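Enquirer: One structure, pasted below without further comment.
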Amino acid sequence: MKLKSLLPLLLIHALVSSSLWGDLRTPAVIGSNMVLQQNHRNPIWGWGNPGETVRVSIGEQMHQAKADEKGYWKVTLNPMKASSSPMVMTIRGSTDLKYDNVLVGEVWLCSGQSNMGWALGNSDDADLEIMTAHYPNLRLISVPQLGTQEAQINFNGQWDATTPEIAKNFSAVGYLFGRRLHLALGVPVGLIDNAWGGSACEAWIPRDRLNRLDVAKPYMDQWRETEKTFDYDKLLLSYEEKLKKWQEKAQAARKEGKAQPGGRPRPPRNQMTGQHRPANLYNGVLNPIIGYGIKGAIWYQGESNGRRGHAYREVFPLMIQSWRDAWKQGDFSFYWVQLADFMNEVPEPPTEQTWPELREAQTLTLDKLKNVGEAVIIDVGEGRDIHPRNKQMVANRLVRNALARDYGIDLPHQSPRYQSMVTKGNKIILSFRHVGQGLYTFDVREPVGFAICGEDRKFVWAQARLLGKDKVEVWADGVEKPVAARYAWADNPVCNLYRKDGSVTLPVTPFRTDDFPMITKGM
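When we follow this note's numbering, the leftmost residue of the sequence shown carries the number 89, and every step to the right adds one.
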């Protein structure tokens, strides 16, 4: 038998042997260079021999636990103050473990899809960001992508101190968020990145909870049917046959001095192990870190749910709550990025589009859960690219939420939100909250991005003007009795309304005053 064929068997043998021998071990999220959450009773857990006593020491603390019948053990550390002085954690049982350079500070989870996973090295000013990424007390760890229905308890990874080489491949939003925190607070910061590009929100939620959610039924029914009929081996065999034929054509073309033929077949994706299947990512990349002490989570996802905005109203809050329930450390802070402007040009006249409904679902979550916040980036997107490179602005708006809400620093952090409307003749007067020093229009004096409609529900683009610090008056020729108004209600809107606090500007949150039927309902 070839060595290559033996490797999987040797790996399995090693894992089985390790389990039988009871070597003391912990998950990868617990190890050298880690940051422990300050002022928190941090769980430390792992596996060893069934029934053995395990002792964990750090600083002046020592805790012990007895491994259960499966070898699992856990201790809980007493809260510690932030410290940049490296500590050693020792774990003693049948064997000994020693973890060096352990710090205490703030720990945040960075999760979502590709815009969270987007590397620092692919973002704006990457050269400057990378060459200045020297932060020994900013620690990073990434969870490899694994989609599965089986709950994982570990992963292959390690904590690293930030260097240019480490930072360039880490989440840009995560790194820039963490760097701001680190410098503003003057304490160590640890960041855990488990983002997966293209992932659906449903993949991050336990399956049993999705099954009890009515609005998730169309998605779950679709997946149950896929699971019945999907045959990856069959697709792979077909691909290999097509590839062989293409290679024969390519070889013949080379012999004849002709150009290589197009249409090279692409290998199929295994949907069963991908990032759309319900619960796949909850089990594969979240479960191994659940319980590790964190301050909160930042989240950048929604693009893959763009056509299911109505369901997202319930799916997204359910995801957050399911994480909090599993972590068992209360309502930890959770801040997300609202969808950026992207795709289609502004329609004429205004028409129904899907992404505004997803943005609305994200914003409505602010009123459903505690300790949550939203970073509005309706001015940061790139119409032709779903991945805006300006991750600095995204991180800045996220970190404002954290600094203000979690660390008591007085600074602007909330985008203005629609509050109420009054109709006066052929005009609508809109009132806003969270306006800071007052509303402000960027680039031109007139507010841009509003639409209104009459009883016929046919929206037209409106004119607008500011009334004082927190009101906007809107109207449109031909609409004598307006009944509803909308702002930035398009996939890729042109809009210019902000709150202004000195040099700080935060965009007004897209909104509608109506509750007309949603085009994404039932999807």
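The C-beta atom is built at its ideal place from N, Cα and C for all residues, glycine as well.
Every value quoted in this text rests on a predicted model; they were computed, and no experiment measured them.
By how many angstroms is the C-alpha of Asn-137 removed from the C-alpha of Ala-155?
Expert: Reading the sequence shown from its first residue, position 67 is the one you call residue 155. Reading the sequence shown from its first residue, position 49 is the one you call residue 137. So the alpha carbons of these two residues sit roughly 7 Å apart.
Enquirer: Checking the sheet assignment: what are the DSSP bridge partners for Trp-161?
Expert: Counting from one through the sequence shown, the residue named residue 161 turns up at place 73. Paired residues: Gly-134.
Enquirer: The alpha helix (DSSP H) that contains Arg-295, what's its start and end?
Expert: As a working mapping, residue 295 is identified with position 207 in the sequence shown. Segment 295 to 299, the alpha helix (DSSP H) holding Arg-295.
Enquirer: Please work out which residues of its chain come closer than 7 Å, Cβ to Cβ, to Pro-294, disregarding the five sequence neighbours upstream and downstream, and give them in chain order.
Expert: The residue you call residue 294 lines up with position 206 of the sequence shown. Answer for Pro-294: Ala-367, Tyr-370 and Ser-410, listed in chain order.
Enquirer: Ignore the nearest five residues each way along the sequence and tell me which others in His-151's own chain have a CB closer than 6 Å to its CB.
Expert: Counted from its first residue, the sequence shown places residue 151 at position 63. The answer, listed in chain order, is Val-144 and Val-163.
Enquirer: Where in the segment 339 to 398 do unbroken runs of the beta strand (DSSP E), each at least 3 residues long, occur, reported from the N-terminal end onward?
Expert: 384 to 388
Enquirer: Locate the alpha helix (DSSP H) running through Gly-262, then write down its first and last residues.
Expert: Translated into positions along the sequence shown, residue 262 becomes position 174. Taken as a continuous stretch (DSSP letters only), the alpha helix (DSSP H) holding Gly-262 covers 260 to 273.
Enquirer: Applying the 10 Å Cβ sphere with the 16-neighbour rule, what's the burial state of Gly-590?
Expert: Against the sequence shown, residue 590 aligns to sequence position 502. Its Cβ having fewer than 16 others within 10 Å, Gly-590 is exposed.
Enquirer: Going by DSSP in three states, Tyr-495 sits in which element: helix, strand or coil?
Expert: Locating residue 495 in the sequence shown gives position 407, counting from the first residue. Here Tyr-495 sits in coil by DSSP.
Enquirer: Verify whether the separation of the beta carbon atoms of Gln-37 and Asn-121 is less than 9 Å.
Expert: Here the chain covers residues 89 to 611 and nothing more, so residue 37 does not appear.
Enquirer: Name the DSSP beta bridge partners of Trp-563, please?
Expert: As a first step, residue 563 is located in the sequence shown; it is residue number 475 there, counting from the start. DSSP lists Gln-551 as partners of Trp-563.
Enquirer: Alpha carbon to alpha carbon, what distance is there between Leu-331 and Leu-325?
Expert: In the sequence shown, residue 325 corresponds to position 237, counting from 1. In the sequence shown, residue 331 corresponds to position 243, counting from 1. Going from the Cα of Leu-325 to the Cα of Leu-331 covers about 10 Å.
Enquirer: Tell me, please, which residues DSSP counts as bridged to Cys-289.
Expert: The count along the sequence shown starts at 1 and reaches residue 289 at position 201. Per DSSP, none; premise fails for Cys-289.
Enquirer: Out of Asn-282, Met-219, Ala-221 and Val-261, which has the shortest C-alpha to C-alpha gap to Lys-243?
Expert: By one-based count along the sequence shown, residue 243 stands at place 155. Per the sequence presented here, residue 243 reads as Phe, with Lys not at that position. The option with the nearest alpha carbon to Phe-243 is Asn-282.
Enquirer: So what's Met-481 in DSSP terms, helix, strand or just coil?
Expert: Position 393 of the sequence shown holds residue 481. DSSP places Met-481 in helix when its eight states are reduced to three.
Enquirer: Taking contact to mean at least 3 C-beta pairs separated by less than 8 Å, is the segment 525 to 544 in contact with the segment 561 to 575?
Expert: yes
Enquirer: What are the start and end residues of each continuous beta strand (DSSP E) run of 3 or more residues lying completely inside the segment 412 to 466, in chain order?
Expert: Counting only runs of 3 or more residues that sit fully inside the segment 412 to 466, the beta strand (DSSP E) segments are 421 to 425 and 460 to 463, in chain order.
Enquirer: Quick check on the DSSP output: the alpha helix (DSSP H) that includes Ile-254 runs from which residue to which?
Expert: Taking the first residue of the sequence shown as 1, we reach residue 254 at position 166. That run of the alpha helix (DSSP H) goes 252 to 255.
Enquirer: Taking the alpha helix (DSSP H) that Pro-306 belongs to, which residues open and close that run?
Expert: The residue given as residue 306 occupies position 218 in the sequence shown. Residues 305 to 317.
Enquirer: Between Ile-146 and chain D, is there a C-beta pair that is closer than 9 Å?
Expert: Absent here is chain D; the protein component of the structure consists of one chain.
Enquirer: Assuming Arg-396 and Met-611 are in contact, meaning their beta carbons sit under 8 Å apart, how far apart are those beta carbons, in whole angstroms?
Expert: Taking the sequence shown and counting its residues from 1, the one referred to as residue 396 is at position 308. Taking the sequence shown and counting its residues from 1, the one referred to as residue 611 is at position 523. Right, their Cβ atoms sit about 5 Å apart.
Enquirer: Determine the direct distance from the alpha carbon of Arg-297 to that of Val-532, and round the result to whole angstroms.
Expert: Counted from its first residue, the sequence shown places residue 532 at position 444. Counted from its first residue, the sequence shown places residue 297 at position 209. Roughly 48 Å between the two C-alpha positions.
Enquirer: Which residues mark the beginning and the end of the alpha helix (DSSP H) in which Asp-215 is found?
Expert: In the sequence shown, the residue the question calls residue 215 occupies position 127. Segment 214 to 219, the alpha helix (DSSP H) holding Asp-215.
Enquirer: By the three-class DSSP mapping on this structure, what secondary structure does Asp-80 have?
Expert: Lying before the first or after the last residue shown, residue 80 is absent from the chain, which here runs from 89 to 611.
Enquirer: Judging by CA-CA distance, which residue of Gly-556, Val-123 and Thr-178 is the nearest neighbour of Ala-170?
Expert: Looking up residue 170 in the sequence shown gives position 82. The candidate whose alpha carbon is nearest that of Ala-170 is Val-123.
Enquirer: Inspect the beta-carbon positions of Ile-408 and Thr-453 and report whether they are closer than 9 Å.
Expert: Against the sequence shown, residue 408 aligns to sequence position 320. Against the sequence shown, residue 453 aligns to sequence position 365. The Cβ atoms of Ile-408 and Thr-453 sit closer than 9 Å to each other.
Enquirer: From the DSSP secondary-structure annotation, give me the bridge partner or partners of Thr-529.
Expert: Start at 1 with the first residue of the sequence shown, and residue 529 comes out as number 441. According to DSSP, which records beta bridges pairwise, Thr-529 is partnered with Leu-585.
Enquirer: Just verifying my parser: in three-state terms, what is the DSSP assignment at Ala-573?
Expert: Walking along the sequence shown from the start, residue 573 turns up at place 485. In the structure shown, Ala-573 sits in a strand (DSSP, three-state: E or B).
Enquirer: According to DSSP, Met-150 sits in a beta bridge with which residue or residues?
Expert: Sequence index remark: in the sequence shown, residue 150 carries index 62 (1-based). Met-150 pairs with Ser-145.
Enquirer: Short of 7 Å in beta carbon distance, which residues of its chain neighbour Thr-314, apart from the five on each side in sequence? Order them along the chain.
Expert: Indexing the sequence shown from 1 puts residue 314 at position 226. Contacts found: Gln-359.
Enquirer: Considering Cα atoms alone, identify which of Gln-525, Leu-554 and Val-403 is closest to Arg-587.
Expert: As a working note, residue 587 is residue 499 in the sequence shown. The shortest Cα separation from Arg-587 among Gln-525, Leu-554 and Val-403 belongs to Gln-525.
Enquirer: Give the straight-line distance between the Cα atoms of Ala-207 and Asn-459, rounded to the nearest whole angstrom.
Expert: To locate residue 207, count along the sequence shown from 1; it is residue 119. To locate residue 459, count along the sequence shown from 1; it is residue 371. Distance between the alpha carbons of Ala-207 and Asn-459 is about 28 Å.
Enquirer: Please determine, among Gln-551, Tyr-528 and Glu-534, the residue with the shortest C-alpha to C-alpha distance to Asn-514.
Expert: In the sequence shown, counting from the first residue as 1, residue 514 sits at position 426. Here the closest residue by C-alpha is Gln-551.
Enquirer: Taking all protein chains shown into account, do 16 or more other C-beta atoms lie within 10 angstroms of the C-beta of Gly-418, making it buried, or fewer, making it exposed?
Expert: As a first step, residue 418 is located in the sequence shown; it is residue number 330 there, counting from the start. The residue is exposed, with fewer than 16 neighbouring Cβ atoms inside 10 Å.
Enquirer: Grab me the residues of Pro-306's own chain with a C-beta within less than 6 Å of its C-beta, minus the 5 sequence neighbours each way, in chain order.
Expert: Position 218 of the sequence shown, counted from the start, is the residue given in the question as residue 306. For Pro-306, where only same-chain residues beyond five positions count, there are no Cβ hits under 6 Å.
Enquirer: Does DSSP classify Asp-321 as helix, strand or coil?
Expert: Along the sequence shown, one-based indexing puts residue 321 at 233. Residue state, collapsed to three classes: helix.
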